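Numbering (the numbering used here), first residue to last: 237 to 686.
Every residue gets a Cβ at the ideal spot worked out from N, C-alpha and C, and that includes glycine.
Keep in mind that this is a model prediction, so the values were computed, not measured.
To keep things clear, I will list the structure first and then write my remarks on it.
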């Protein structure tokens, strides 16, 4: 195969209006994208969520207004894009789907996970339908094909956050796509399908993950993530105006950043790229000529600290029991509870009779999970924290790093810290009200002044 296989993903702001779509189409044409994965138009997923909730709660006036708004926006976009008869007819069929789903939810007064996923899938299905026409106009000499992601991104039936079936995806991608260079495919991020033909979703922000799965499925040469920022920044520019774009990151560094709060990438995005050693480019569709960030296997190991991330709304759970002392299998039993309730843990510390873990505050709303934990030991819950993560390389080999951190933020109480499980991150917990100043001070000391 003489041509490069490129998968390009465009987020919601890149689909926000006709001008943004045309800009994204021009990028796709210039980059010679093989597969273009798109998100729903900006704000549409939130509206679909509210439609589903309103219908289940009997708030039909609110529901009808939202449905009208979604229909009007997408019909307007389709008209601006040329008003292709086939496109408008397909949109109308999607609207019929939405109306029937809303009617059934309203009658049952119940929003099932399956119905929820089906409703949310309509955002990407509508945007990709319209974008296909926009891209075809930009590529008059190419065939632009709309591909239903549900036929390729095969998942289990865990509605709300389905798990992709990697082997099946690769088989379906190769069977359903012509990679000779004669066609360009437009498809949907965020959504998949199970073996029974049900629509599933990969969880919020899952369009990046979808693009990575497509890239893995066709063994792409490059995966491009086009968003509204010009690459991966050293920290959130809203917290620290001196943040700057990182030219390159290793897969491990990027994965740690995504996991610990950087909003630029979905946490699962990196794994498919690693499995096939696919370089990932992150850039802005609004400033396409800026250099952006490259994520690849081998990068320069300087500076030691690449980025600082923050994840708010964290809680510290401390489980204490004397039966833990010198006991075998205690940790296994404890984490079986976390696994059963699908609760993710970020940091863990232990003593002879207690274990402390960090979780999202939302986890505390799961009363059954808390009750099950109480069968293991006494539970102490502290909320209102932020998890600060320093991301870099070989951090465990930097003998002065801890000293520098503590001296820089010596007026702040560090409730918990974790270093050693990975050489790519140093995590610690501070109160949310301290987190902004902590980020700013550490960014100045560890990144700006290095």
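Exposure of residue i, with buried meaning 16 or more beta-carbon neighbours within 10 Å
i, result
"residue 567", "exposed"
"residue 240", "exposed"
"residue 328", "exposed"
"residue 249", "buried"
"residue 598", "exposed"
"residue 245", "buried"
"residue 322", "exposed"
"residue 538", "exposed"
"residue 361", "buried"
"residue 484", "buried"
"residue 569", "exposed"
"residue 346", "exposed"
"residue 561", "exposed"
"residue 474", "exposed"
"residue 594", "buried"
"residue 580", "exposed"
"residue 312", "exposed"
Residues bridged to residue i [DSSP beta-bridge criterion]
i, result
"residue 484", "530"
"residue 383", "Partner(s): none; residue 383 has no beta bridge."
"residue 429", "390 and 435"
"residue 621", "550 and 667"
"residue 595", "551"
"residue 615", "555"
"residue 424", "274"
"residue 242", "458"
"residue 463", "520"
"residue 628", "541"
"residue 585", "592"
Spatial distance of residue i from residue j (CA atoms)
i, j, result
"residue 680", "residue 670", "16 Å"
"residue 673", "residue 320", "53 Å"
"residue 542", "residue 654", "18 Å"
"residue 389", "residue 613", "41 Å"
"residue 504", "residue 373", "33 Å"
"residue 494", "residue 500", "7 Å"
"residue 666", "residue 607", "27 Å"
"residue 471", "residue 280", "28 Å"
"residue 577", "residue 399", "16 Å"
"residue 648", "residue 675", "12 Å"
"residue 318", "residue 326", "14 Å"
"residue 498", "residue 546", "7 Å"
"residue 645", "residue 639", "10 Å"
"residue 308", "residue 324", "12 Å"
"residue 564", "residue 585", "17 Å"
"residue 506", "residue 448", "7 Å"
"residue 571", "residue 596", "16 Å"
"residue 410", "residue 453", "7 Å"
"residue 457", "residue 297", "49 Å"
"residue 683", "residue 289", "44 Å"
"residue 353", "residue 435", "6 Å"
"residue 342", "residue 293", "7 Å"
"residue 678", "residue 642", "10 Å"
"residue 295", "residue 604", "29 Å"
Secondary structure of residue i, DSSP reduced to three states
i, result
"residue 278", "coil"
"residue 662", "strand"
"residue 716", "With the chain covering only 237 through 686, there is no way to say anything about residue 716."
"residue 746", "Summary: the structure shown does not reach residue 746, with the chain confined to residues 237 through 686, and so no result is reported for it."
"residue 652", "strand"
"residue 469", "strand"
"residue 419", "strand"
"residue 566", "helix"
"residue 536", "coil"
"residue 339", "helix"
"residue 347", "coil"
"residue 646", "coil"
"residue 330", "helix"
"residue 686", "coil"
"residue 636", "coil"
"residue 680", "helix"
"residue 574", "helix"
"residue 395", "coil"
"residue 323", "helix"
Cut-off 8 Å between Cβ atoms - residues of its own chain near residue i, not counting five sequence neighbours on either side
i, result
"residue 420", "264, 269, 270, 271, 272, 371, 375, 378, 379, 380 and 381"
"residue 412", "383, 387 and 388"
Own chain partners of residue i with C-beta closer than 6 Å, once the 5 adjacent residues on each side are dropped
i, result
"residue 455", "512"
"residue 661", "492, 625 and 627"
"residue 616", "554"
"residue 383", "421 and 423"
"residue 404", "390"
Any non-hydrogen atom of the ligand MG closer than 7 Å to residue i Cβ
i, result
"residue 536", "With respect to the ligand MG, the structure offers nothing, as it holds no ligand at all."
Same chain, Cβ closer than 7 Å to residue i, five either side skipped, listed in chain order
i, result
"residue 283", "302, 305 and 306"
"residue 364", "274, 382, 422, 423 and 424"
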